[in-house]
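For reference, the structure discussed in these notes is given below.
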Amino acid sequence: MLVSLYRYNPEVDQAPYMQDVEIKIPEGKDIMVLDLLELLKAKDPSLAFRRSCREGVCGSDGMNINGKNGLACITSLSEAGLKGGKLVLRPLPGLPVVRDLVIDMTMFYKQYEKIKPFLINDMPAPAIERLQSPEEREKLDGLYECILCACCSTACPSFWWNPDKFVGPSGLLQAYRFLADSRDTADSERLADLDDPFSVFRCRGIMNCVSVCPKGLNPTRAIGHIRNMLLQRST
Amino acid sequence: MSNLRTLNYDAIVIGGGGAGMRAALQLTESGVKTACITKVFPTRSHTVSAQGGITCAIASADPNDDWRWHMYDTVKGSDYIGDQDAIEYMCQVGPQAVYELDHMGLPFSRTEAGRIYQRPFGGQSKDFGKGGQAARTCAAADRTGHALLHALYQGNLKGGTTFLNEWYAVDMVKNKDNAVVGVIAICIETGETVYVRAKATVIATGGAGRIFQSTTNALINTGDGVGMALRAGFPVQDIEMWQFHPTGIAGAGVLVTEGCRGEGGYLINNDGERFMERYAPNAKDLAGRDVVARSMVLEILGGRGCGPKKDHVLLKLDHLGEETLMAKLPGICELSKTFAHVDPVKAPVPVVPTCHYMMGGIPTNIGGQALTLDTDGNDTVIDGLYACGEAACVSVHGANRLGGNSLLDLVVFGRAAGLHIEKSLRDGFKVDDATEEDIQTALSRLTRLNSTTGGESVADVRDDLQSIMQLYFGVFREGESMQKGLRLLDEIGERVRNTNLEDKSSAFNTARIEALELDNLFEIAYATAVAAEERKESRGAHARNDFTERDDENWLKHSVYFPLTKSVGKRDVNFSPKTVEAFPPKVRSY
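Chains as they are written, first to last, in my numbering: chain E, 4 to 238; chain V, 196 to 785.
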């Protein structure tokens, strides 16, 4: 099959380019895009991409597959399909490219750190766990499963324009994960940190994040909850 | 090398998985100047793939649960070569380590009482094996590793830990006294090579399941720290002990948790028979992993496998109902649909024993200090070197690890290593600096790779290595075939020393990293082969067709592989727990 690969090695290339490569794939098996990349790398070891768990839980291999962000390791070739007779693989859009399919995620991680992604509770910890009812715990479902792959934030035009000021869908999903946690006591501090024109309100609700999330999570809904909390706070 | 930049820390932790981050957190919180060096962003570490949970007697499911029962199960599970002082420590301080994780924010599943949800796992019992199946594995649905790793990363962000993310440690630097004084590391993004100098170096690089062709392990599990230790001339312990997990998805290798059987799933053969009833009449599908894996292979070899090639068995879950599966095992349903094209709600999942965990590793004491043996066979501390988690062999897993004990191992002993280093630094110790020559020695692999003009393809050699290990050192082993495997590995060794790095560029050069990883895979594969051939008995995960019985007279011992002489020695197993009577070896049946 024909694969069109985004290539860029800063030491060699003046500018990025698309490279067409013909590759034989094993018959009778619907392999994943990551398996294909490994085959390509065995032929050309200079091809760079991140990968680790190869089962969709570590979030290393987010990339743009035929125009849509996703994880290479859980996107099969049949699911990916072809675009103009080729499989087109590019790095996630909107962040600087380090090399080939590897992007510089500094800005993405900075936004994650900005929302204080850790439990805050100033009460002395009990001798056992902090109790939490199953109903309280259920509120974290659909939030804590985020794998920080950046598929959502790099599919978001608001994040493209303001990666330094708009927290982005991934960071906001995590912000709500702590706001929703009955064990966390820092709601007002967290909301105060988000209460500006950019951090939350640059979300225009176009739901690109929801349509690309490889874990089936819904950042738009979480952002809606935060908006409500911010509005209630100001009244 | 005068042009090599030096970074200075009191302590460095190599590896950003569960064990490494728990150690780094302990050190940072106690004010030790620490850096965590990790080749992937921390939440990409393999701890993320752990599913079922963390086993610990927190007495939630059963208010009468007792850490001594957990200790008994673990000793029995280890087939009696787990060190009882270490197992005692792990089971006793375990609850504290688990509560810390909850306080850090880990979103455990909950009981109606608001406590942490615990599920049954293999090899668990109440009342020292006499009270039936226990439910002792603390779970966050079937994503416990993911939840734990993210909670630890978040805890480290809160604590202000210094991370060197996407830095690759190449080799240890040793001074003239053979003490470890840091590592050579590459910043992957820029390609810069630096000397990271430290008084204490903690190896927390996890396992090396990638020595096998079929493995549940992530692509990054290449045993870098253990490889470094072997190259530095330090021994490894019980490295022949590799756990094959009963339920890897056939063909893909991806893990489905033992929690599936804990929640009531069971294995069936081609006749639809629940065959574990024959092999383990009491515990059935929740017998030790080694027992279940062997039973599955025997079913397949006996022609009762499933599928057109009769090469796997089936894990039946559909009787549990959609609601239970979606609440308790949502991740499994997702993985099964993606990798087996099977919806567990409707049909059973094709599974086969798959390499999963390295019970052996760098021998350490409870404080994480790496050990070697002197000429009289006495334990000797290696100055400056620590290890914890899967890379270490403390040893709490012996010849077979119980499900849920790896997550407990890594938080308990990551923490213990941190505590020990903190105290040692406070007491003060002096180490001599490495000389120019010492640093050059640690750079030698890189020097070779960076000047190659031809040679073997890394991917080809790696493929051949993996298929040899799969063929000759799998679930069942046999002397003659292992000797053949060893001869083939000698040839692989030649090829490993002759790999080619065609692309010598600096920025994010993953070809260079993969070439360095292959050296580590080879070191560990070779050590495995020599130790496996040497241990002439069957114990835990090490099952030999030519020595089918456990031999307590000669082999109630740790094996210790010495890389410089490629020889295997023996080390006593600890039978001296501090607060309970030791559990004497018994016939191990489930």
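Ideal Cβ positions, reconstructed from N, Cα and C, are used throughout, including at glycine.
Between the beta-carbon of residue i and the beta-carbon of residue j, is there less than 8 Å?
i	j	result
G213(V)	V606(V)	yes
I444(V)	V589(V)	no
I616(V)	V375(V)	no
G483(V)	Y785(V)	yes
G174(E)	K119(E)	no
T269(V)	L597(V)	yes
R263(V)	V670(V)	no
G563(V)	C583(V)	yes
F121(E)	K353(V)	yes
L202(V)	V391(V)	yes
G340(V)	T242(V)	yes
L220(V)	G350(V)	yes
T358(V)	T533(V)	Reading off the sequence, residue 358(V) comes out as Phe, not Thr. In this structure, T533(V) does not lie closer than 8 Å to F358(V) by Cβ.
T575(V)	T410(V)	no
Where DSSP assigns a beta bridge to residue i, which residues make up the other side?
i	result
F407(V)	Bridge partners of F407(V): none, in fact.
W264(V)	Answer is none; W264(V) lacks a bridge partner.
K27(E)	None, per the DSSP bridge assignment.
P545(V)	L509(V)
G87(E)	G87(E) is not bridged to any residue.
N360(V)	T233(V)
N72(E)	N67(E)
Applying the criterion that 16 or more other CB atoms from any shown protein chain within 10 Å of the CB defines a buried residue, is residue i buried or exposed?
i	result
G219(E)	exposed
F111(E)	buried
M196(V)	Per-residue confidence for M196(V) stands at a pLDDT of 48, beneath the threshold of 50, marking its modelled position as unreliable; the derived number appears in the next sentence. Exposed is the call here.
I663(V)	buried
V449(V)	buried
R682(V)	exposed
Q678(V)	exposed
N595(V)	buried
H265(V)	buried
W164(E)	exposed
Y20(E)	exposed
A308(V)	exposed
G210(V)	buried
Y204(V)	buried
E529(V)	buried
D767(V)	exposed
Taking C-beta pairs closer than 7 Å, name the residues in chain V that residue i reaches, listed in chain order.
i	result
V245(E)	With chain E running from 4 to 238 in the structure shown, residue 245(E) is simply not present.
A45(E)	A654
S116(E)	Correcting the residue identity first, residue 116(E) is Glu in this sequence and not Ser. In chain order: L352.
V105(E)	F703
I77(E)	T533
So which of the options has the shortest CA-CA distance to residue i?
i	options	result
G418(V)	K523(V), E651(V) and A722(V)	A722(V)
L134(E)	S240(V), F316(V) and R305(V)	R305(V)
D364(V)	D578(V), S646(V), N464(V) and A637(V)	Going by the sequence as given, residue 364(V) is Ala instead of Asp. It is A637(V) whose Cα lies nearest to the Cα of A364(V).
R53(E)	C76(E), E138(E) and E132(E)	C76(E)
L343(V)	E295(V), S320(V), K369(V) and S652(V)	E295(V)
A738(V)	T519(V), C333(V), N560(V) and V487(V)	V487(V)
K394(V)	F470(V), V208(V), N560(V) and G516(V)	V208(V)
T238(V)	C251(V), G215(V) and V397(V)	G215(V)
F162(E)	D64(E), L182(E), G208(E) and D125(E)	G208(E)
S7(E)	L43(E), D16(E) and V91(E)	V91(E)
Please compile the residues from chain E whose C-beta is within a distance smaller than 7 Å of the C-beta of residue i.
i	result
Y294(V)	I131 and E132
R350(V)	As written in the sequence, residue 350(V) is Gly, which differs from the Arg given in the question. Going along chain E in sequence order, the residues near G350(V) (Cβ under 7 Å) are F121.
G309(V)	L134, Q135 and S136
R338(V)	E148
P787(V)	Residue 787(V) lies beyond the stretch modelled for chain V, which goes from 196 to 785, so this question has no answer here.
I415(V)	S55
For a contact meaning CB atoms closer than 9 Å, what does residue i contact in chain V?
i	result
N67(E)	Per Cβ cutoff of 9 Å: no residues; N67(E) is ~18 Å from chain V at best.
A15(E)	At residue 15(E) the sequence reads Val, which differs from the Ala that was named. Simply S700.
Residue i touches chain E at which residues, Cβ-Cβ below 9 Å?
i	result
V243(V)	S55, C56, V60, C61, G62 and I150
H341(V)	V60, C61, Y147, E148 and I150
Check the Cβ of residue i against every Cβ in chain E and list those closer than 8 Å, keeping chain order.
i	result
E697(V)	P48 and S49
M299(V)	F121 and L122
Mind listing the chain V neighbours of residue i? Cutoff is C-beta to C-beta under 8 Å, in chain order.
i	result
N12(E)	S700 and A702
A275(E)	The structure shown does not extend to residue 275(E), since chain E is modelled only from 4 through 238, so no value can be given for it.
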